[in-house]
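Protein chains in written order, with the working numbering: chain Y, 1 to 362; chain B, 363 to 724; chain U, 725 to 1086; chain D, 1087 to 1448. Step one of this worksheet: look at the structure below.
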């Protein structure tokens, strides 16, 4: 693969008081380490552009040199995730189901697999809604060590039964290397949770798997860090990565997280990877899930991840954000209706450039 | 008006090590200042509920008493903004135009009035789109004192001309008391900007006006603070307040602000006031405005505030986020299409409880 | 005054796919508007430096041009606040008292003037501590319209009495133009509160005053915005500005605000203005005020702003963060001790370059 | 160990419009699941306290019941980290070196072990400063997969040599289970990085180790989440946990992270665990490290973690924040001087209650 250099250019801004000697010294260092320096004298200060670098460079190393006011790193250090490399959108496939194509992908299920009856009751609803993916954690990453941590082995058996009985693809979280192995045996999509978005050992391990990886955005992750986490997976050879926005942490208190829907067009502009939205974790409140799901589809997401429970008020985890079966089925209908109008807008004016976010796959 | 007490209950949690004497002392203080104390002994610690308070009370005053672990203020200190008081949604009217009713309200125009040609060219597009409101600042609140600050008196004449020639309602920002007077003379809706959301002198002044007030959310405002700012205006007797979500400040760098669309269902649940979304300032990037406008309508906003410029690349302020006339007209069409499907969802299943956020006016 | 251009340089990064024609078009536009373009062809993409601009320019206007990937604004648009212009530190004087000089400045008093007895009792403690400034708000910017808003006229009389009886300089907040007039009549330092940091009408008004201005950092203000707010005041001719860090809003919940002490060395590096810290509002909890005051002095602040109350558990506002007289006197002693050791470090090794933050006035 | 129940009390606030039947239904459910309900009728609404729970309960499950306005979870779900359980401060020992005792603990070294010469040159400086701990990562958690990831096996040999030659205790990061094993073989303290603070597999693994664990605060972690991560380690039987504040992510851009020094007194109030501060990662800029280190000691931290490099401008990672040897030695001197004055304050007035944060070990 012909990798474009993504590490140039860079800009060093000298102080107004910087002497010619200091400017010269910076130029010298730049060239000594194999780059090209472009001094730009201005009315009151000089800036020095850097190009031609073939490898990674940490621009902050110049920050402490005499006369330097600021160092501006310009381009983003990712390669495989970018549309520069691959203009067509990626469609990630799990058997006969796909994420990133024409069809809106819906992943639904309970937060955690609690027991066989609960899981099968929910799976039946998910199948009935037309969704192709079933979510459900066999273990749960819980903030406290004393809360319900998941069902373990019995959970895997239940997931296997659901997969066979309902034809749903299983999306479930791996917390470590052993977890990746288990998902490979029993599931269809490896989920990397928000808390593990920068667990590089786990990312590399998922990168060596043959299964698609659903990568949730970390709760304090910039767009760049999120894409670089995807890059970690892809750098190991697994190109089937699906991004999932699930809200970021802010000062706001009316939601558990602040769902950053602008990340959908932002990802679309930079990357060929499909992107989903999880309005359940992204809000933490059942009454907001459906409106935010509509918004997610309207903004151009490739799909939704939704928590549904047959008895939300008895859920062992995250009950406050789980929808009832009725609410969930209504959400799916609304989501498809919004998706339809979004697509018809494009088709009605084929000559016009469609606004960003509505185009999914070529 | 029969005002519900909104200051109760409150809860004081004692430390596990608190003595009976310490519990007694807290109870005594609560009763001494006119409230009722409800001690609740638990397995390992005691909590004390407080009810019956008729006036405001700052619970943090109990925090430093011996034996107290934590003080929990429970309810929100607003009254006039709440649906508790007024279950029906408020429709705010400016002449024959309305915000909060059946019709999606669209407020559009340039960031700043730059000159007569620009303003009239944009107004023509806005009228053509079917929007009823024209926005345009005569002066601009700019972060730097050295950037374009607006046109001043000439701007008011231009706005007056637009109002008469195109029948558009004028929405423009007031920065101080003198500004409120000018909007009263020349405009239809007083805008309070995000930077002034907690400028209480200005809020009170707008509360004494007869014009509707569009109150933008401050960039670090919680939902409670935003509603309390509206309460300031309403407490002066002006009940025609429209809220406008315009993004909050977070660590994210792919947008100028993080547009918090979950604030729309959150406002709807608590308040009868209409709520708009400004995806232009809320993202700061033209390519995101249309997708986020679709999402805003889908989530249930009562309207949109959009920046459009006849020549965005020559705009004197905020050019990067202004749409071209073509982009703007396409946005309006898409917004109406989304609004339509959202409403038809409800009408198709009249028996079902509609999901929150789609119901606008009764 | 010979103002340095602070608007250059700027950098435009072209996409790897940008054509020579697109690069040429950008260069042409840059030169057409009077700047100098410096194209820098790189291995895979071209960047274009901009210098020579004499006036303000909003770089984001280039963002939508064909072939442009990103626009990097490099330098900060402030002038009067910078050390580039005035390397020596500013000492702000109020009569015979100073902020920014050798002596640690201490501003102390209650949050609000509640009544004569309270105010005089606290003033006595403040005088006893050796502090030169008394704080106390005659009106209070309160989040809710229903909480105690201050004492009004009677408050001004009390402040005047304190000023005469104790020789303390009065620091009190102005909320609007009328407030600035009142502080000019009765006080010594105009405080601009965090909520009004971007109330430009008020900033300009304070800029026309002859009194020093204490400018609190807004709760979501970047360093640049804070300095630009100071620039607004200074651009009107009032150079006696004191900055005051009081914490920013973050997700953290163990404090009311997150006190950002790194802003002290950051301000020092860029600006000649003195900077204080307010650990009372910056934490919101009495038990943290003294440790954070010590830290503030150790990091190099020019002074402290402290809330003290004769009876914190009966305070009408912010009682939870007010210190008792004993706690306050102990804080002052600790602050002076830390200040002493910080200075002695420097004096013991006069040849060594002192670490940033410890040097106060030349 | 007799564990206090930390899950009570809880408070359910009913809406003003809630009927007696709805209140009754909530009380019934509370009692049906084994808790005690305390209804508190108020002037306008009823609240219901819950006590007596023996196990964990997710209060949010009540949020969707008819008539419920809000559910307030009151107490924090940690047990082993709290001072309730263990009032005396923990002193964590690594051989003859200690963290949390009388002496200020200093952990210093390069960000990453780059080669033998660099590592030994730095170790010599660290030893010379009197510090007892050497930090240095054998592998690095880097945001990008294409930047320097560390030295691997050769790094372990270098660390072993430093440990023997200089008598320094080795603090180094483990990224996964295999990493924990390697630190157990070659090091003295297992560091868990900020990105892995909620990597529960790793926390449990460290909890099964016999080595002390230095747990960095996650960049978006609340105080509660950070303490619960420590609880995860302790719940596995390893009580030797040291907390390390390293800054949180905010909107501020003058530092890489916002160092939240108020977390030091906040931890001290709740927990018996020692707490360090890392001003190098916490600011990301060399010129701020020394002032923020002084502040960290002044606020009452038990120690510092500092990056020092023999040639910061050639460092392969994080060079911008590394101190030169001279700067580092000066920092250590200043830190000890501040520590001294902080302690002498206490000793001079033994009768007075010392202000929080200065008392370290009994």
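Every residue, glycine too, gets a C-beta built ideally from N, C-alpha and C.
Item to complete: Step through the CB atoms of chain B and report whether any lies within less than 9 Å of the CB of residue 361 of chain Y.
Response: Start at 1 with the first residue of the first chain, and residue 361 of chain Y comes out as number 361. Only weak support is given to the placement of residue 361 of chain Y: the predicted model assigns it a pLDDT of 29, under 50, and the value that follows is read from those uncertain coordinates. No, no contact with chain B.
Worksheet item: Tell me, which residues are paired with residue 375 of chain B by DSSP?
Response: For the purposes of this step, residue 375 of chain B is taken as the residue at position 13 of the second chain. Residue 375 of chain B pairs with B:409, B:432.
Worksheet item: How close, in whole Å, do the beta carbons of residue 609 of chain B and residue 621 of chain B come, if the pair is a contact with beta carbons under 8 Å?
Response: Position 247 of the second chain holds residue 609 of chain B. Position 259 of the second chain holds residue 621 of chain B. Confirmed, Cβ separation roughly 4 Å.
Discussion item. Within a Cβ cutoff of 6 Å, which residues of the same chain sit near residue 1219 of chain D, ignoring the five residues on either side of it in sequence?
Written reply: Your numbering for residue 1219 of chain D matches position 133 in the fourth chain. The answer, listed in chain order, is 1193, 1255, 1257.
Discussion item. With a threshold of 8 Å on Cβ separation, who are the neighbours of residue 1320 of chain D within its own chain once the five nearest residues in sequence on each side are excluded?
Written reply: Within the fourth chain, the letter at position 234 stands for residue 1320 of chain D. Closer than 8 Å at Cβ, skipping near neighbours: 1166, 1167, 1293, 1327.
Discussion item. Which residues does DSSP list as the beta-bridge partners of residue 1029 of chain U?
Written reply: Mapped onto the third chain, residue 1029 of chain U falls at position 305. Beta-bridge analysis with DSSP links residue 1029 of chain U to U:831.
Worksheet item: First and last residue of the alpha helix (DSSP H) that includes residue 993 of chain U?
Response: Residue numbering aside, residue 993 of chain U sits at position 269 when the third chain is read from its first letter. Where residue 993 of chain U is concerned, the enclosing alpha helix (DSSP H) stretches over 987-994.
Discussion item. Here's the rule I'm using: 16 or more other beta-carbon atoms within 10 Å means buried, otherwise exposed. How should residue 72 of chain Y be labelled?
Written reply: Taking the first residue of the first chain as 1, we reach residue 72 of chain Y at position 72. Only buried fits residue 72 of chain Y, as 16 or more other CB atoms lie within 10 angstroms of its CB.
Worksheet entry | Neighbourhood of residue 1295 of chain D by C-beta, 7 Å cutoff - its chain only, sequence neighbours within 5 removed | For the purposes of this step, residue 1295 of chain D is taken as residue 209 along the fourth chain, with counting starting at 1. These residues qualify, in order along the chain: 1266, 1270, 1276, 1324.
Worksheet item: What did DSSP end up calling residue 972 of chain U once you bin it into helix, strand or coil?
Response: The residue labelled residue 972 of chain U in the question sits at position 248 within the third chain. In the structure shown, residue 972 of chain U sits in a strand (DSSP, three-state: E or B).
Worksheet item: residue 554 of chain B bridges to which residues according to DSSP?
Response: By 1-based counting over the second chain, the position of residue 554 of chain B is 192. B:577.
Worksheet item: Under 9 Å between C-beta atoms, does residue 590 of chain B make it to chain U?
Response: Against the second chain, residue 590 of chain B aligns to sequence position 228. For residue 590 of chain B, the answer is yes, since a Cβ of chain U falls inside 9 Å of its Cβ.
Worksheet item: Helix, strand or coil: how does DSSP classify residue 323 of chain Y here?
Response: In the first chain, counting from the first residue as 1, residue 323 of chain Y sits at position 323. Here residue 323 of chain Y sits in strand by DSSP.
Fill in: Whole-angstrom distance between residue 286 of chain Y and residue 323 of chain Y, CA atom to CA atom
On the first chain, position 323 is the one that residue 323 of chain Y refers to. On the first chain, position 286 is the one that residue 286 of chain Y refers to. Looking at the two C-alpha atoms, the distance is approximately 6 Å.
Practice prompt. Name the two residues that bound the continuous alpha helix (DSSP H) containing residue 643 of chain B.
Written response: The residue labelled residue 643 of chain B in the question sits at position 281 within the second chain. Per DSSP, residue 643 of chain B is one residue of the alpha helix (DSSP H) stretching across 641-645.
Worksheet item: So with Cβ pairs under 9 Å, would you call residue 978 of chain U a contact of chain D?
Response: As a working mapping, residue 978 of chain U is identified with position 254 in the third chain. Closer than 9 Å to some Cβ of chain D, the Cβ of residue 978 of chain U qualifies, so yes.
Practice prompt. For chain Y, find out if any of its Cβ atoms is closer than 9 Å to the Cβ of residue 1150 of chain D; answer yes or no.
Written response: For the purposes of this step, residue 1150 of chain D is taken as residue 64 along the fourth chain, with counting starting at 1. Cβ-Cβ to chain Y under 9 Å: yes for residue 1150 of chain D.
Practice prompt. Consult DSSP for residue 38 of chain Y and reduce its assignment to one of helix, strand or coil.
Written response: Working through the first chain from its first residue, we reach residue 38 of chain Y at position 38. Residue state, collapsed to three classes: strand.
Discussion item. Using a Cβ-Cβ cutoff of less than 8 Å, which residues in the same chain neighbour residue 988 of chain U once the five nearest sequence positions on both sides are dropped?
Written reply: On the third chain, residue 988 of chain U is found 264 positions in, with the first residue counted as 1. Around residue 988 of chain U: 969, 999, 1001, 1020, 1023, 1024, 1025, 1081.
Worksheet item: Any idea which residues DSSP pairs residue 1220 of chain D with across the strands?
Response: The sequence position of residue 1220 of chain D within the fourth chain is 134, counting from 1. Answer by DSSP bridge pairing, in chain order: D:1194, D:1256.
Worksheet item: Using CA coordinates, which residue listed in U:975, U:1031, U:861, U:1032 is at the minimum distance from residue 878 of chain U?
Response: Position 154 of the third chain, counted from the first residue, corresponds to residue 878 of chain U. Comparing Cα positions, the closest option is U:861.
Fill in: Within-9 Å CB hit, residue 582 of chain B to chain Y
Within the second chain, residue 582 of chain B is the residue found at index 220, counting from 1. Closer than 9 Å to some Cβ of chain Y, the Cβ of residue 582 of chain B qualifies, so yes.
Fill in: Host beta strand (DSSP E) of residue 1178 of chain D (start-end)
By 1-based counting over the fourth chain, the position of residue 1178 of chain D is 92. Run containing residue 1178 of chain D: 1178-1180, per the beta strand (DSSP E) assignment.
Item to complete: Within 10 angstroms of the Cβ of residue 1105 of chain D, are there 16 or more other Cβ atoms? Answer buried if so, exposed if not.
Response: On the fourth chain, position 19 is the one that residue 1105 of chain D refers to. By the beta-carbon neighbour count (other beta carbons within 10 angstroms, threshold 16), residue 1105 of chain D is exposed.
Worksheet item: In chain Y, what lies closer than 8 Å to residue 808 of chain U by C-beta?
Response: Start at 1 with the first residue of the third chain, and residue 808 of chain U comes out as number 84. Those are 15, 16, 17, listed as they occur along chain Y.
Worksheet item: Is residue 704 of chain B helix, strand or coil when you go by DSSP?
Response: The residue you call residue 704 of chain B lines up with position 342 of the second chain. Three-state result, residue 704 of chain B: helix.
Practice prompt. Keeping to the same chain, check which residues put their C-beta closer than 8 Å to that of residue 944 of chain U; ignore five residues upstream and five downstream.
Written response: If you number the third chain from 1, residue 944 of chain U lands on position 220. Excluding residues within five positions, the ones whose Cβ falls inside 8 Å are 972, 973.
Discussion item. Which same chain residues end up closer than 7 Å to residue 163 of chain Y when comparing Cβ atoms and leaving out the 5 residues on each side of it in sequence?
Written reply: Counted from its first residue, the first chain places residue 163 of chain Y at position 163. Excluding sequence neighbours, residue 163 of chain Y sits near 170.
Item to complete: Kindly indicate the opening and closing residues of the alpha helix (DSSP H) around residue 387 of chain B.
Response: Within the second chain, numbered from 1, the residue matching residue 387 of chain B stands at position 25. Counting along the chain, the alpha helix (DSSP H) containing residue 387 of chain B begins and ends at 382-394.
Worksheet item: At a Cβ threshold of 9 Å, is residue 1127 of chain D touching chain B?
Response: If you number the fourth chain from 1, residue 1127 of chain D lands on position 41. At a cut-off of 9 Å between beta carbons, residue 1127 of chain D contacts chain B.
Worksheet item: How would you label residue 1430 of chain D, buried or exposed, when you count the other beta carbons within 10 angstroms and need 16 or more for buried?
Response: Position 344 of the fourth chain, counted from the start, is the residue given in the question as residue 1430 of chain D. Looking at its Cβ environment, which holds fewer than 16 other Cβ atoms inside 10 Å, residue 1430 of chain D is exposed.
Discussion item. Assuming the contact rule is C-beta atoms closer than 8 Å, residue 1100 of chain D and residue 1123 of chain D should be a hit. Round their C-beta distance to whole Å, please.
Written reply: The residue you call residue 1100 of chain D lines up with position 14 of the fourth chain. The residue you call residue 1123 of chain D lines up with position 37 of the fourth chain. Contact doesn't hold; Cβ gap of about 12 Å is too wide.
Item to complete: Taking only beta-carbon positions, decide if residue 77 of chain Y is within less than 9 Å of chain D.
Response: Reading the first chain from its first residue, position 77 is the one you call residue 77 of chain Y. The C-beta of residue 77 of chain Y comes closer than 9 Å to at least one C-beta of chain D.
Worksheet item: In the stretch 96-109 of chain Y, which residues sit with their C-beta less than 8 Å from some C-beta in chain B, listed in chain order?
Response: Those residues of the stretch 96-109 of chain Y that come within reach of chain B (Cβ to Cβ, closer than 8 Å) do not exist; the list is empty.
Fill in: Helix, strand or coil at residue 677 of chain B [DSSP, three-state]
Here residue 677 of chain B corresponds to residue number 315 of the second chain, with the count starting at 1. Per DSSP, reduced to three states, the secondary structure at residue 677 of chain B is coil, with no helix or strand assignment.
Worksheet item: From this set, U:1055, U:996, U:1029, U:1034, which residue's C-alpha is nearest residue 811 of chain U's C-alpha?
Response: On the third chain, position 87 is the one that residue 811 of chain U refers to. Of the listed residues, the one whose Cα sits closest to residue 811 of chain U is U:996.
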